Structure formats: C-alpha cells, structure tokens
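Step one of this worksheet: look at the structure below.
In structure tokens, the structure reads:
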C-alpha cells in the first residue's frame with residue numbers, strides 16, 4: 029500500500045468515529061477526562077498556597093493519587109455490576125462535594141482532614157478514559173484500532189493541557205478557582221458522558237451470564253488470560269515509571285543547564301511526538317501483531333532514554349526526547365489493545381480501569397524514585413531509571429507474545 033493510500037485509509041478510519049458515537053460523545057469523553065490531569069496539581073497548588081507547607085501539600089497530592097489508584101478499579105468493578113451510568117453519576121456528586129469541601133475548609137482544617145479530603149477527591153474521580161474504551165469495545169469492534177488511537181491521543185493532549193490550565197488559572201485568578209474549575213468540568217462533561225445513550229451498550233456481568241452472543245475476547249485459557257492480565261498491569265506500571273522518571277530527569281536536566289523550571293516544556297515535546305505517532309498507528313497492517321508492536325515500542329523508548337541519559341546539551345536531548353516520545357504513545361495504545369483483546373463480556377470495566385490505575389501508580393514510583401536519584405546523581409541517574417523501565421516494558425511484551433502464540 030502506498031503512503032498516500034495509507035494516509036487516506038487512516039483518515040477514513042477516524043471519520044467513522046463521529047458516525048458511530050456522535051460529536052457530543054467525543055466532546056464529553058475528551059473534556060470529561062481533563063480533570064484527571066488537573067486535580068492532583070490543583071490540590072498541590074492550593075494546599076501549598078493555603079498552608080504554606082510544601083511538605084503537607086505533597087502528602088495531600090500523593091493521597092489524591094493513591095485515592096485514584098484505589099478508586100479507579102473499584103469504580104470499574106462497580107460498573108461491571110451495576111452499569112456505567114449510576115456509578116458515574118454517583119462519582120460526579122461525590123467528587124464535586126469533596127472538591128468544594130476541600131476548597132472551603134482548607135484554610136482552617138487540620139492537616140489530617142486536608143489529607144483525607146485530598147484522598148477522597150482522588151478516590152471519587154470518575155474514570156472517563158478507561159470507561160470510554162469499554163464503550164468503544166461495545167460500539168465499534170470493527171473500528172477499535174481507530175477508536176483506541178483516538179483515546180490515546182486524547183489522553184496525551186489532556187496531560188499537556190490540564191496542568192497548563194491549572195497553572196494559568198492559579199496565577200491569573202486563584203488556586204481555588206483552578207480546583208473548582210476541574211470540579212465544574214466533572215459536573216458538566218462527566219454528567220454528559222454518563223447520560224449519553226452509548227452507556228446502554230456496555231454489558232453488565234449479570235447480563236453477560238445469560239447473553240448468548242459470542243465472546244469476542246481471544247480464545248485463551250483462564251490461566252493464560254490471567255497471566256496476560258498481570259503482564260498488562262506490569263506494563264502499565266513500567267509505563268508510569270517511565271513517565272514519572274522522565275519528568276524528574278528532564279526537570280533535573282533543565283535546572284542543571286540553566287533552563288530554570290522549563291522541565292515541563294521539555295516533557296511536553298515528548299507528549300507531542302507521542303500523539304503524532306499514535307494517530308498514525310491505524311495505518312499499521314494487522315500482520316504486525318500486538319506483541320511485536322509492544323516489544324518494538326519498549327525498545328524504541330529504551331533507545332530514546334539512553335540518548336537522553338548521554339545527551340551533552342539541550343538540543344541533543346530534545347532529539348532523543350522526541351524519539352522516546354514517538355514510541356510511548358504506541359506503547360500505551362498497544363497495551364490497552366491487549367487488555368481489550370482479553371476482556372470478557374461483563375468484565376471490561378474492572379480490566380480497563382485497573383490497567384489505567386497502573387499508570388497512576390507507576391508515575392508515583394517514577395517521580396519519587398527518579399527525583400531521589402536525580403538529587404544524588406543528577407539527570408543521568410534519573411534517566412537510568414527511565415532506561416530500566418523501558419527495558420522491563422519490552423521484556424513484558426516478549427512474555428505476552430509467548431502466551432498468545434498458538435501452537
């Protein structure tokens with residue numbers, strides 16, 4: 029197939045998505061997940077400004093992240109049992125209440141209450157991204173590659189725009205408005221997502237038990253399915269560690285080279301490259317299977333990380349950051365696709381949300397450990413952790429290939 033034909037085929041694949049779900053759905057799922065990238069930073073910013081303690085603010089932000097890591101698979105399991113709509117609407121109410129309470133009480137609240145409210149806010153965050161993937165699996169099996177690519181690009185954009193929006197609002201208006209804006213987005217767009225007609229297409233566990241429709245998951249034994257599920261979670265932990273350690277390494281590099289607080293801008297370069305290659309993934313032929321894509325992506329990330337570790341100046345670093353980023357989006361897309369391929373009817377919610385929470389936990393590990401390494405050995409030490417995470421990711425892909433290879 030020529031490159032022109034591939035491009036036309038890719039464009040056609042994406043044009044199907046609005047016809048499948050409607051523009052309202054695409055807007056709701058995009059803006060409904062934006063608060064996931066805003067809440068932790070907004071909590072950190074507000075807690076710092078209100079209490080004057082960066083240590084307390086850091087604990088509060090960590091509590092929010094831990095709450096999300098626990099709440100995501102919990103909400104996924106509940107959606108499998110009761111359906112997405114009631115779980116999402118309950119999450120909207122609880123999250124908005126906790127966020128507003130956090131804002132209105134933080135000036136006078138004791139430290140324990142601040143941490144508890146931050147954790148509750150993270151715990152109740154509606155998991156729009158993973159649950160949107162579950163809906164695409166029900167709505168658009170024939171166009172799932174394009175749908176998951178759209179989801180991957182949306183995630184990349186959200187994690188660039190969200191923190192930037194928090195920073196802008198905190199500086200130009202107030203930290204309180206930054207957090208309340210995230211809560212407002214949840215109230216409007218997660219509600220829209222919950223009420224969208226596509227919610228009725230998802231299969232609940234009780235319905236799956238009596239449904240005569242065929243299981244579209246890969247024909248694997250229960251043992252193999254569980255093993256692949258464990259590798260998927262491990263892959264997401266490695267991805268999150270890669271992200272968190274990259275942030276720490278780029279921040280350290282920027283400070284050491286007189287670039288001030290521009291580490292986040294360097295990281296944005298990785299995300300932009302990642303979004304571009306994720307869009308192009310629909311043009312890959314099906315004969316290049318998920319395990320092969322997984323291993324290649326992990327190896328490419330490792331190569332880019334080695335380049336960043338050895339980079340003598342910022343321009344060389346940017347080149348290698350773009351290379352590393354070009355593989356990270358396809359890696360995420362592939363891992364979610366593998367998760368989708370083993371999801372059985374009525375169990376996709378828990379699988380997708382658990383997969384997503386793996387990234388959250390990995391980012392916490394990568395940021396904390398990468399920061400500690402950078403403090404002791406500079407950016408090269410933090411990038412060493414990035415290399416290790418990518419290498420582990422590639423090795424896990426080999427394991428997936430071994431489990432899915434048919435005799």
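In my numbering, the protein residues as written are 29 to 435.
Note that CB positions come from ideal geometry on N, CA and C, so glycine has one too.
Just so you know, these numbers come straight off a predicted model, no measurement behind them.
With a threshold of 16 other beta carbon atoms within 10 Å, residue 261 meets it and is buried. The DSSP-derived three-state label of residue 314 is coil. Out of 111, 94 and 206, the CA that lies nearest to the CA of residue 131 is found in 206. For residue 392, same chain residues with a beta-carbon under 6 angstroms away, outside a window of 5 residues either side, are 93 in chain order. The three-state secondary structure of residue 155, taken from DSSP, is coil.
Boundaries of the alpha helix (DSSP H) around residue 77: 62 to 79. Of the candidates 387, 330, 425 and 202, 330 places its Cα closest to the Cα of residue 411. Rounded to the nearest whole angstrom, the CA to CA distance from residue 152 to residue 196 is 25 angstroms. In this model, residue 286 and residue 192 are separated by some 22 angstroms (Cα to Cα).
The C-alpha of residue 114 is placed about 13 angstroms away from the C-alpha of residue 230. Taking a 10 Å sphere around the C-beta of residue 136, we find fewer than 16 other C-beta atoms and assign the residue as exposed.
Closest in alpha carbon position to residue 333, among 273, 59 and 72, is 273.
C-alpha of residue 156 to C-alpha of residue 60: approximately 6 angstroms in a straight line. In terms of Cβ geometry, residue 146 and residue 91 form a close pair [threshold 8 angstroms]. By the neighbour-count criterion, in which a residue is buried when 16 or more other Cβ atoms sit within 10 angstroms of its Cβ, residue 394 is buried.
Taking C-beta atoms as the reference points, residue 108 and residue 375 count as a pair closer than 8 angstroms. When the five nearest sequence neighbours on each side are left out, the beta carbons in the same chain lying within less than 7 angstroms of the beta carbon of residue 209 are those of 197, in order along the chain. In the DSSP assignment, residue 202 falls outside any alpha helix (DSSP H), carrying neither H nor E. Relative to residue 386, the option among 99, 78, 187 and 87 whose CA is nearest is 99. With a cutoff of 8 angstroms on beta-carbon distance, residue 81 and residue 167 are scored as not near each other.
At a Cβ-Cβ threshold of 8 angstroms, residue 383 and residue 158 count as neighbours. Within 10 angstroms of the beta-carbon of residue 223 lie fewer than 16 other beta-carbons, which makes it exposed.
Only buried fits residue 164, as 16 or more other CB atoms lie within 10 angstroms of its CB. Around residue 406, the same chain offers 280 and 284 as residues with beta carbons nearer than 7 angstroms, after the five sequence neighbours per side are excluded. Your pair residue 174 and residue 312 does not check out as a contact, with CB atoms roughly 12 angstroms apart and the cut at 8 angstroms. For residue 372, no alpha helix (DSSP H) encloses it, and the DSSP letter there is neither H nor E. Around the C-beta of residue 199, fewer than 16 other C-beta atoms lie within 10 Å, and the residue is accordingly described as exposed. Between residue 211 and residue 127, the gap from beta carbon to beta carbon is short of 8 angstroms. Assignment of residue 103 by DSSP, reduced to helix, strand and coil, places it in the helix class. For residue 433, the secondary structure class from DSSP, reduced to helix, strand or coil, is coil.
Rounded to the nearest whole angstrom, the CA to CA distance from residue 161 to residue 307 is 16 angstroms. A direct Cα-Cα distance of roughly 33 angstroms separates residue 55 from residue 320.
A check of alpha carbon separations from residue 430 across 338, 402, 404 and 322 identifies 322 as the nearest.
For residue 114, the enclosing alpha helix (DSSP H) has its first and last residue at 112 to 133. Per DSSP, the unbroken alpha helix (DSSP H) holding residue 250 starts and ends at 250 to 284. For residue 222, the enclosing alpha helix (DSSP H) covers residues 219 to 223.
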